[in-house]
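In this note's numbering, the protein residues as written are 24 to 430.
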Ligand code: CA
């Protein structure tokens, strides 16, 4: 969120869950030299933080144990090995479990969500959906201690070092103010943390204390986290008098304008031949843009500038669409009607886990099933595909799942 880093930090959590990652080690001599310069770097960061107003004991508690972390550096340098098709992304992020959990939490936190909606003018289902996608409603917040991850990113040098140093100082300031307890900073390798995975700078700018205890705590307070998400979306341009968008019918062979930045009035889209899915004409008044994230043969959507606000949480159309569709489904809306243009759809989290069990059962040892598709699972899928005479892709799709007995 608010991180234009190629891979957004929030997305990094999602990406590490999606891809796992490839491993490489460091030669030990190189490692020792790195450790020494790392320690010098951390101690300099500590004095910089204190100069920036961080209480010395907080700086010590948060940085003293920092160690060189090969994993942070590896994640920061790796490009995703596989381009994930949008139907895999959607099947994984907007799966039955996340919809069901969302519906239950909508009831459980109904009072808070209603107050948040009233105060910020952001649809409660959208706020809930961001929470669901970012951290699985607070259940998964990332594997890294934020100050240590950021210290590694600073001390590794590189063109983003200055940016990460700013984020680190902000992290320590948040703790120094007493907003978030020192031991609560758990998040992605890139520095986003808490229930809604804010970067520290965004946190400083947009987090709010909604439960009124005097602290902006987006880790331990669900009301603070939900209200801060709404505040972020409002700041990004969300307006409560418009929808995010809706699925539409595009005439066969349509060759007119499309793309998320090409807004036009509903009258214009009507003249271009677009209609609601039931064939009726549009009633909405907001300007919209036509997006077809899987090309001309997949689902099409007209999206308002509210979609742009969703997208600003993490600069990706698939991501924005995952939030939008999850928000529809937790509010009891219909799933998208046009199928994704594939005969090998993606798998839910439960199916991914089951696929790993099936791979193990069939003798393609992929290790303890955890639902995360990493290198071992990819390798197992490739072997299974080869054995069944299928194209070898390593992709966790419906075809290989079914071939191994999934249904
Ligand atoms: Ca609070």
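Where a beta carbon is used, it is the ideal one built from N, C-alpha and C, also for glycine.
Member of the options whose CA lies at the smallest distance from the CA of residue i
| i | options | result |
| --- | --- | --- |
| residue 407 | 68, 397, 381, 392 | 381 |
| residue 230 | 248, 339, 261, 213 | 248 |
| residue 209 | 222, 74, 201, 200 | 222 |
| residue 200 | 212, 163, 240 | 240 |
| residue 123 | 419, 415, 378, 355 | 355 |
| residue 63 | 77, 87, 81, 74 | 87 |
| residue 114 | 417, 370, 392, 253 | 370 |
| residue 68 | 328, 361, 391, 175 | 175 |
| residue 70 | 59, 61, 58, 83 | 83 |
| residue 224 | 250, 195, 204 | 195 |
| residue 290 | 189, 279, 308 | 308 |
Which of helix, strand or coil DSSP assigns to residue i
| i | result |
| --- | --- |
| residue 190 | helix |
| residue 209 | strand |
| residue 233 | coil |
| residue 271 | strand |
| residue 61 | helix |
| residue 305 | coil |
| residue 145 | coil |
| residue 266 | coil |
| residue 388 | coil |
| residue 47 | Unreliable placement is indicated for residue 47, whose pLDDT of 37 sits below 50; no coordinate value is reported for it. |
| residue 424 | helix |
| residue 160 | coil |
| residue 343 | helix |
| residue 277 | coil |
| residue 369 | strand |
| residue 33 | In this predicted model, residue 33 has a pLDDT of only 41, less than 50, meaning its place in the structure is not dependable; the value taken from the coordinates is given anyway. Helix, per DSSP. |
Whether residue i touches residue j by CB criterion (8 Å)
| i | j | result |
| --- | --- | --- |
| residue 151 | residue 128 | yes |
| residue 385 | residue 427 | yes |
| residue 326 | residue 312 | yes |
| residue 157 | residue 219 | yes |
| residue 376 | residue 403 | no |
| residue 335 | residue 259 | yes |
| residue 267 | residue 333 | yes |
| residue 197 | residue 72 | no |
| residue 475 | residue 314 | Since the displayed the chain opens at 24 and closes at 430, residue 475 lies outside it and no answer follows. |
| residue 145 | residue 261 | yes |
| residue 414 | residue 396 | no |
| residue 400 | residue 379 | yes |
| residue 125 | residue 155 | yes |
| residue 263 | residue 288 | no |
| residue 250 | residue 168 | no |
| residue 177 | residue 217 | no |
| residue 390 | residue 405 | no |
| residue 321 | residue 364 | yes |
| residue 350 | residue 148 | yes |
### Query
Where in the stretch 80-136 do unbroken runs of the alpha helix (DSSP H), each at least 4 residues long, occur, reported from the N-terminal end onward?
Entirely contained in the stretch 80-136, the alpha helix (DSSP H) runs reaching 4 residues are, in chain order, 93-100, 109-116, 119-131.
### Message
With three or more C-beta pairs closer than 8 Å as the rule, is the stretch 342-353 touching the stretch 82-92?
### Response
Contact between the stretch 82-92 and the stretch 342-353 is not established, with fewer than three Cβ pairs separated by less than 8 Å.
### Message
Under 8 Å, with one C-beta from each stretch per pair, do the stretch 297-304 and the stretch 262-279 reach the 3-pair mark?
### Response
Flag = yes, the stretch 297-304 and the stretch 262-279 touch.
### Query
Considering only residues of the stretch 286-335, which uninterrupted alpha helix (DSSP H) runs meet the minimum length of 4 residues and lie entirely inside it, listed in chain order?
Correct list: 289-294.
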